[in-house]
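Undergrad:
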Amino acid sequence: MHGLVSAYRWRRSVLASSSPPTTKRMEEMAEKITNPDVDFAQWYLDVIREAELADSAPVRGCMIIRPYGYSLWEAMKEALDQRFKATGHSNAYFPLFIPESFISKESEHVEGFAPELAVVTHGGGKKLEEPLVVRPTSETIINHMFSKWISSYRDLPMLLNQWANVVRWELRPRPFLRTTEFLWQEGHTAHATEEEAREEAMRMLRVYEDFAVNEAAIPVVTGRKTESEKFAGAVESFSIEAMMGNGWALQSGTSHYLGTNFARAFETTYLDETNTQRYVHQTSWGVSTRLVGAVVMAHGDRQGLRLPPRIAPVQVVVVPIFRSDDQRAKILEESARIVSVLDDAGIRAQLDDRDTVSPGFKFNYWEVRGVPLRIELGPRDLKQDSVTICPRNVPGKEGKSTRPLEGLVEQVPQLLDSIQEQMLQDALRRREEMTYDVQTLGELEERLPESPGFYRAWWDGDGEDERRLKEATKATIRCILLDRPEGSGKCFVTGRESSQRVIVARAY
RNA sequence: CGGGGCGUGGCGCAGCUCGGUAGCGCACCUGCUUUGGGAGCAGGGGGUCGCCGGUUCAAAUCCGGCCGCCCCGACCA
Numbered sequence: 003m004h005g006l007v008s009a010y011r012w013r014r015s016v017l018a019s020s021s022p023p024t025t026k027r028m029e030e031m032a033e034k035i036t037n038p039d040v041d042f043a044q045w046y047l048d049v050i051r052e053a054e055l056a057d058s059a060p061v062r063g064c065m066i067i068r069p070y071g072y073s074l075w076e077a078m079k080e081a082l083d084q085r086f087k088a089t090g091h092s093n094a095y096f097p098l099f100i101p102e103s104f105i106s107k108e109s110e111h112v113e114g115f116a117p118e119l120a121v122v123t124h125g126g127g128k129k130l131e132e133p134l135v136v137r138p139t140s141e142t143i144i145n146h147m148f149s150k151w152i153s154s155y156r157d158l159p160m161l162l163n164q165w166a167n168v169v170r171w172e173l174r175p176r177p178f179l180r181t182t183e184f185l186w187q188e189g190h191t192a193h194a195t196e197e198e199a200r201e202e203a204m205r206m207l208r209v210y211e212d213f214a215v216n217e218a219a220i221p222v223v224t225g226r227k228t229e230s231e232k233f234a235g236a237v238e239s240f241s242i243e244a245m246m247g248n249g250w251a252l253q254s255g256t257s258h259y260l261g262t263n264f265a266r267a268f269e270t271t272y273l274d275e276t277n278t279q280r281y282v283h284q285t286s287w288g289v290s291t292r293l294v295g296a297v298v299m300a301h302g303d304r305q306g307l308r309l310p311p312r313i314a315p316v317q318v319v320v321v322p323i324f325r326s327d328d329q330r331a332k333i334l335e336e337s338a339r340i341v342s343v344l345d346d347a348g349i350r351a352q353l354d355d356r357d358t359v360s361p362g363f364k365f366n367y368w369e370v371r372g373v374p375l376r377i378e379l380g381p382r383d384l385k386q387d388s389v390t391i392c393p394r395n396v397p398g399k400e401g402k403s404t405r406p407l408e409g410l411v412e413q414v415p416q417l418l419d420s421i422q423e424q425m426l427q428d429a430l431r432r433r434e435e436m437t438y439d440v441q442t443l444g445e446l447e448e449r450l451p452e453s454p455g456f457y458r459a460w461w462d463g464d465g466e467d468e469r470r471l472k473e474a475t476k477a478t479i480r481c482i483l484l485d486r487p488e489g490s491g492k493c494f495v496t497g498r499e500s501s502q503r504v505i506v507a508r509a510y
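Note that the first sequence covers residues 3 to 510 in the numbering used here.
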């Protein structure tokens, strides 16, 4: 027994000492982040862990959003909030607890949400008269208040938004993409006419599209949801659909025309100019912390996270490099000066002056975290009054170049803009390369497993056809395209002539 | 809920078959040498072995029960 153990140890130590240190180090590095081409799901989890975006919580399905992940969310929140204010909305806050009876008032709504409700039955040590639902969304409680606040056409439109957490009991959670509790924004509006409400639903869908493209550098497809994918209680749902690195679709934002469904359930009515009692027409729309997952999966690479400059918590990191003490003082001083000037120019810059870790470690540290631009300042640079710059979107040493120190700060905004633009173009190109046209279900079945991506097709099916599609391919109809070409063709499932164009894909 | 796996320092694991000093890597702390792509050496700290019970002189290891977690299949932003 002892012989076996020591023989095993001996072999292991020989193996360890016989491999050159570089090989060993590379293996260790490779282990930290799985190759996305080998296992995309594991890669996603590895990146979230290594970039310190989130950690798992003691409660199943919940997660802790760590400071770096939260500041990314905050940056997105700010860009969105500005857009909401610019389109006339005001923020408000409604309660976390909703009387159970409220949820039941709209029949489709209760049916859709019943399986994922968390219900509070006790409070203050006593059983409650009426159980309280932890909000899965706030249409009901908001309508309860709208019905009090709205009495005349002069009160309309009412344009509200709230930033909040919601709870939907999840069977299969994934960090950011599907968690039991998540953070989001829910807009709720009431209008006098159907036309106005439909306009609003579309306006906010386009706001989401604008945000995705111009802030997150993620190209999206805009469309209408099919009957079976529609929000529980809506007349029509719309979404933006983004493509992730593995060709899967991620619903990244939704906007609903609710019609008068909730107004009827809650008696949300107003008197029009002719003194006639009418129901309000409503919308609701939301995006969530799922967007963090979208950014990870749309832009991340083998090295980790890549963040578009406009939403990156740290846009520029300065890494000083020095050997001797007198170099140290000079270089740190110059590095700090660069950071301070960038900071004055409104650029989110950070100096990594830790002397407990090596420069090489810092390069990797900030690359995993996706910081768009790194500036290195070492003795060689200082001697020739230059710096070395490394844009994150060109990984490794290939992207490095030397720039004169003079005028550097003025160039940084342009550099960031061009990184932002390149990231969008890269994502756009990949989506186009992974988007195909397909004529029949059989063809889709054959091609999808080998070539994941978006499949464009004509569509004239119903819920039953959607079930067949999912059973055959695991893919679903992501949306019916809003921006579609003229013409018509044969539905890829039913063969009927149709002018509806859809995107079919595997989805998260 | 059906199928598969796992609970041992903060993390990842070995040890269990065949009971006998609780170990390895990473991380952490101290010191010296280092610093342009995840530094090296030396020393050090840290574990009720998921929980409860049983067998035994002795249990991480054997037996029984319970609990928890992860992965794969039916809903959703």
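The beta carbon of each residue, even a glycine, is placed where N, CA and C say it ideally should be.
Below 7 Å, is the gap between the Cβ of residue 484 and the nearest heavy atom of the ligand PLP?
TA: Of the ligands one can find in the structure shown there are none, so the ligand PLP has no counterpart to examine.
Undergrad: Would you check if the distance between the CB atom of residue 222 and the CB atom of residue 244 is smaller than 8 Å?
TA: The count along the first sequence starts at 1 and reaches residue 222 at position 220. The count along the first sequence starts at 1 and reaches residue 244 at position 242. The answer is yes: Cβ separation under 8 Å.
Undergrad: Which residue from 438, 322, 71 puts its Cα closest to that of residue 315?
TA: The count along the first sequence starts at 1 and reaches residue 315 at position 313. When only C-alpha atoms are compared, the closest one is 71.
Undergrad: Put residue 157 into one of helix, strand or coil per three-state DSSP.
TA: If you number the first sequence from 1, residue 157 lands on position 155. Residue state, collapsed to three classes: helix.
Undergrad: Look at the alpha carbon of residue 324 and the alpha carbon of residue 364, and state the distance between them as a whole number of angstroms.
TA: Position 322 of the first sequence, counted from the first residue, corresponds to residue 324. Position 362 of the first sequence, counted from the first residue, corresponds to residue 364. Each residue's alpha carbon lies about 13 Å from the other.
Undergrad: Decide yes or no for the touch test of the region 273-283 against the region 212-227: beta carbon pairs closer than 8 Å, at least 3 of them.
TA: The region 273-283, when compared against the region 212-227, does not touch it at the 8 Å Cβ threshold.
Undergrad: State the DSSP-derived secondary structure class of residue 17, mapped to helix, strand or coil.
TA: Position 15 of the first sequence, counted from the start, is the residue given in the question as residue 17. Legend: pLDDT at residue 17 = 27, less than 50; position of this residue unreliable, value from coordinates given subsequently. The answer is helix: DSSP assigns residue 17 an H, G or I state.
Undergrad: What are the start and end residues of each continuous beta strand (DSSP E) run of 3 or more residues lying completely inside the region 65-126, in chain order?
TA: Runs of the beta strand (DSSP E) inside the region 65-126: 65-67, 99-101, 120-125.
Undergrad: So what does DSSP say about residue 459, is it helix, strand or coil?
TA: As a first step, residue 459 is located in the first sequence; it is residue number 457 there, counting from the start. If DSSP states are grouped into helix, strand and coil, residue 459 belongs with the strands.
Undergrad: Is DSSP giving residue 475 helix, strand or coil here?
TA: Translated into the one-based positions of the first sequence, residue 475 becomes position 473. It is helical.
Undergrad: From 424, 473, 420, pick the residue whose C-alpha is nearest to that of residue 446; which is it?
TA: Start at 1 with the first residue of the first sequence, and residue 446 comes out as number 444. When only C-alpha atoms are compared, the closest one is 473.
Undergrad: Name the DSSP beta bridge partners of residue 406, please?
TA: What you label residue 406 is simply residue 404 of the first sequence in a count that begins at 1. DSSP lists 388 as partners of residue 406.
Undergrad: So for residue 245, helix, strand or coil by DSSP?
TA: As a working mapping, residue 245 is identified with position 243 in the first sequence. Strand.
Undergrad: Determine the burial state of residue 383: buried for a count of at least 16 other Cβ atoms within 10 Å of its Cβ, exposed for fewer.
TA: By one-based count along the first sequence, residue 383 stands at place 381. It counts as buried.
Undergrad: Within a Cβ cutoff of 6 Å, which residues of the same chain sit near residue 340, ignoring the five residues on either side of it in sequence?
TA: Here residue 340 corresponds to residue number 338 of the first sequence, with the count starting at 1. Closer than 6 Å at the Cβ level, and outside the excluded window around residue 340, lie 320.
Undergrad: Roughly how many angstroms separate the alpha carbons of residue 38 and residue 205, rounded to a whole number?
TA: Start at 1 with the first residue of the first sequence, and residue 38 comes out as number 36. Start at 1 with the first residue of the first sequence, and residue 205 comes out as number 203. So the alpha carbons of these two residues sit roughly 36 Å apart.
Undergrad: Let's test the definition: count the other Cβ atoms within 10 Å of the Cβ of residue 503 and tell me whether it reaches 16, buried, or not, exposed.
TA: Within the first sequence, numbered from 1, the residue matching residue 503 stands at position 501. With 16 or more other Cβ atoms within 10 Å, it is buried.
Undergrad: According to the Cβ coordinates, are residue 283 and residue 181 closer than 8 Å?
TA: Your numbering for residue 283 matches position 281 in the first sequence. Your numbering for residue 181 matches position 179 in the first sequence. No. Outside cutoff.
Undergrad: List the residues that DSSP assigns as beta-bridge partners of residue 492.
TA: The residue labelled residue 492 in the question sits at position 490 within the first sequence. Beta-bridge pairing links residue 492 to 499.
Undergrad: Within the continuous alpha helix (DSSP H) that includes residue 379, where are the two ends?
TA: Start at 1 with the first residue of the first sequence, and residue 379 comes out as number 377. Element bounds for residue 379: not the alpha helix (DSSP H) but the beta strand (DSSP E), 375-379.
Undergrad: Measuring CB to CB, does residue 292 end up less than 8 Å from residue 115?
TA: One-based indexing of the first sequence puts residue 292 at position 290. One-based indexing of the first sequence puts residue 115 at position 113. It is not a contact, given that the beta carbons lie outside the stated cut-off.
Undergrad: For a quick check, are the C-beta atoms of residue 257 and residue 287 less than 8 Å apart?
TA: Counting from one through the first sequence, the residue named residue 257 turns up at place 255. Counting from one through the first sequence, the residue named residue 287 turns up at place 285. It is a contact, given that the beta carbons lie within the stated cut-off.
Undergrad: Is the Cβ-Cβ distance between residue 133 and residue 122 less than 8 Å?
TA: Start at 1 with the first residue of the first sequence, and residue 133 comes out as number 131. Start at 1 with the first residue of the first sequence, and residue 122 comes out as number 120. Yes. Within cutoff.
Undergrad: Our contact map puts residue 464 next to residue 493 with C-beta atoms below 8 Å; I'd like the distance itself, whole angstroms only.
TA: Taking the first residue of the first sequence as 1, we reach residue 464 at position 462. Taking the first residue of the first sequence as 1, we reach residue 493 at position 491. Between residue 493 and residue 464 the Cβ distance is about 10 Å, and since that is not below 8 Å, they are no contact.
Undergrad: Tell me whether residue 501 is buried or exposed, calling it buried when 16 or more other Cβ atoms sit within 10 Å of its Cβ.
TA: As a first step, residue 501 is located in the first sequence; it is residue number 499 there, counting from the start. Result: exposed.
Undergrad: What do you reckon, are the CB atoms on residue 93 and residue 151 nearer than 8 Å?
TA: Position 91 of the first sequence, counted from the start, is the residue given in the question as residue 93. Position 149 of the first sequence, counted from the start, is the residue given in the question as residue 151. No, the pair does not count as a contact, with Cβ atoms beyond the cut-off.
Undergrad: Taking the alpha-carbon of residue 90 as reference, which of 120, 176, 192 has the nearest alpha-carbon?
TA: For the purposes of this step, residue 90 is taken as residue 88 along the first sequence, with counting starting at 1. Taking only the C-alpha atoms, the option nearest residue 90 is 192.
Undergrad: Measuring CA to CA, which of 63, 98, 210 is closest to residue 84?
TA: Along the first sequence, read from residue 1 onward, the residue named residue 84 stands at position 82. Considering only alpha carbons, the answer is 210.
Undergrad: Could you tell me which of 449, 118, 189, 88 sits nearest to residue 136, measuring between CA atoms?
TA: Translated into positions along the first sequence, residue 136 becomes position 134. Selected option, being the one with the closest Cα: 118.
Undergrad: List the whole-angstrom C-beta distance separating residue 481 from residue 176, where the pair is believed to meet the contact cut-off of C-beta under 8 Å.
TA: By one-based count along the first sequence, residue 481 stands at place 479. By one-based count along the first sequence, residue 176 stands at place 174. The pair is not a contact, with the Cβ atoms about 21 Å apart (cut-off 8 Å).
Undergrad: Suppose contacts are defined by Cβ-Cβ distances below 8 Å. Is residue 421 in contact with residue 74 by that definition?
TA: Against the first sequence, residue 421 aligns to sequence position 419. Against the first sequence, residue 74 aligns to sequence position 72. No, the pair does not count as a contact, with Cβ atoms beyond the cut-off.
Undergrad: Residue 173: buried (16+ other C-beta within 10 angstroms of its C-beta) or exposed?
TA: Reading the first sequence from its first residue, position 171 is the one you call residue 173. The residue is exposed, with fewer than 16 neighbouring Cβ atoms inside 10 Å.
Undergrad: Going by DSSP, which residues form a beta bridge with residue 511?
TA: Residue 511 lies beyond the stretch modelled for the chain, which goes from 3 to 510, so this question has no answer here.
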